[in-house]
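Numbering (the numbering used here) for the sequence shown: 7 to 275.
Backbone N, C-alpha and C define an ideal beta-carbon position, used for all residues, glycine too.
Beneath this line is the structure, given in structure tokens, with notes to follow.
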Amino acid sequence: MTDPAGQAGEAAIRSGVELRELHDIADFERVVRLFDDIWHPGPTNPPATVELMRALSHTGNYVAGAFDGPALVGASAGFLAGPPGEVLHSQVTGAVKRGAGFALKLHQRAWALRRGIARVTWTYDPLVRRNAYFNMAKLGARPEEYLPDFYGAMADAINVGDESDRVLAVWRLSERHVVAACDGMPYRPEIPADAVVGVAAREGRPSIGTTDGRVVLVALPEDIETLRRQDAGGAKAWRHAVRDVLGGMMARGARVTGFAEGCYVVERA
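Put into structure tokens, the structure is as follows:
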């Protein structure tokens with residue numbers, strides 16, 4: 007397998023950042039300010055606190071940053087999860103410089119593999135198209151569980167007014183398509199000619215189709231975050247369409263095998 011640390015180092019060079027683990031209070035304070043700038047959370051729901059990151063770092067968990075010179079431009083924090091010794095759960099990753107988020111995830115992967123950890127998991131909003139592409143194509147992770155309203159009501163500027171559905175992404179660190187993705191070759195699933203459309207976009211709104219085919223395509227809105235601000239009803243319609251179709255299929259054992267052309271590619275069990 008290609009050296010994971012080397013892959014992370016090459017990604018860091020391409021994006022012009024330095025990657026390192028964080029251990030100091032001053033660095034954790036900078037991470038809080040960075041995350042505030044990205045998500046604009048309410049005072050009661052920061053993505054991570056100084057105290058939490060201090061505890062994670064001190065107990066051997068993952069807290070790292072990406073630096074452009076002296077400026078912190080990305081950070082990630084995660085904790086060891088069950089089964090013991092097998093999984094790292096990445097709780098939060100955010101970046102403000104192009105390429106820094108990808109470099110951080112590769113750094114996280116190398117960190118996990120050095121410790122014999124085979125999988126990294128995280129949650130993300132299944133309606134955010136750019137995140138679906140990043141997680142599935144750029145990294146090779148796969149959604150394996152649909153979690154309706156996972157966090158309850160959220161008060162940050164990005165999620166306010168919407169239900170907090172998430173999918174659990176599972177990154178199996180040594181699979182062939184993951185290694186290739188980390189070498190800069192995004193995973194692009196083949197879409198068979200007989201694929202059917204479970205959710206389509208029609209004039210900006212979701213249109214429910216059929217799930218009777220072997221392969222089902224589930225489309226996403228172009229920009230759910232803007233839609234929430236401009237058309238709350240449209241955003242809610244997308245939420246429930248994707249929850250019903252994608253979430254329903256996953257609950258019945260279907261596998262999400264990739265993301266292409268703005269759609270989840272789903273294979274029925």
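8 Å Cβ cutoff met for residue i and residue j
i	j	result
Val203	Gly190	no
Ala11	Phe108	no
Val93	Thr127	yes
Gly71	Gly84	no
Pro154	Asp171	yes
Tyr134	Ile230	According to the sequence displayed, residue 134 carries Val and not Tyr. Yes, the pair counts as a contact, with Cβ atoms nearer than the cut-off.
Val221	Ala201	yes
Lys144	Pro192	yes
Cys188	Leu119	no
Trp177	Arg125	yes
Leu147	Phe265	Note on residue identity: the sequence assigns Ala, not Leu, to residue 147. No, these two residues do not count as a Cβ contact at 8 Å.
With 16 other Cβ atoms within 10 Å as the buried cut-off, status of residue i
i	result
Ser180	exposed
Gly239	exposed
Gly158	exposed
His64	exposed
Ala199	exposed
Val33	Reading the sequence as shown, one finds Asp at residue 33 and not Val. Asp33 comes out buried.
Ala225	buried
Pro227	buried
Arg208	exposed
Met255	buried
Straight-line Cα distance separating residue j from residue i
i	j	result
Arg121	Ala243	43 Å
Ile123	Val98	18 Å
Asn51	Arg194	36 Å
Gly253	Pro212	15 Å
Asp43	Phe156	23 Å
Arg20	Ala106	9 Å
Arg235	Ala241	9 Å
Cys288	Phe41	There is no way to answer for residue 288, as the model of the chain reaches only from 7 to 275.
Ala260	Ala275	5 Å
His183	Arg245	29 Å
Pro53	Pro47	8 Å
Pro76	Gly66	25 Å
Leu62	Thr217	43 Å
Glu267	Ile31	43 Å
Asp250	Glu169	14 Å
Val23	Ser82	14 Å
Of the listed residues the options, nearest to residue i (C-alpha basis)
i	options	result
Glu27	Glu169, Arg20, Val37	Val37
Arg258	Lys144, Val272, Pro212	Val272
Gly100	Pro227, Gly88, Val69	Val69
Leu110	Arg245, Glu267, Ala14, Leu226	Ala14
Glu151	Tyr139, Leu112, Asp237, Val262	Val262
Val185	Leu233, Arg115, Gly219	Arg115
Leu223	Thr232, Asp237, Ile197	Ile197
Residue i CB to nearest heavy atom of the ligand GTP below 7 Å
i	result
Ala101	Ligands are entirely absent from the displayed structure, and the ligand GTP is therefore not among its contents.
Can you list the beta strand (DSSP E) stretches of 3 or more residues lying completely in the segment 209-270, in chain order? As far as the segment 209-270 is concerned, its whole beta strand (DSSP E) runs of at least 3 residues are 211-214, 221-225, 261-266.
Taking only runs of the beta strand (DSSP E) that begin and end inside the segment 19-106, which ones reach a length of at least 3 residues, in chain order? Every beta strand (DSSP E) of 3 residues or more that sits fully in the segment 19-106 is shown, in chain order, as 24-27, 68-74, 77-87, 93-101.
Jot down the residue ranges of each uninterrupted alpha helix (DSSP H) in the segment 105-185, minimum 4 residues, whole runs only, in chain order. Fully enclosed alpha helix (DSSP H) runs of no fewer than 4 residues occupy 106-120, 135-139 of the segment 105-185, in order along the chain.
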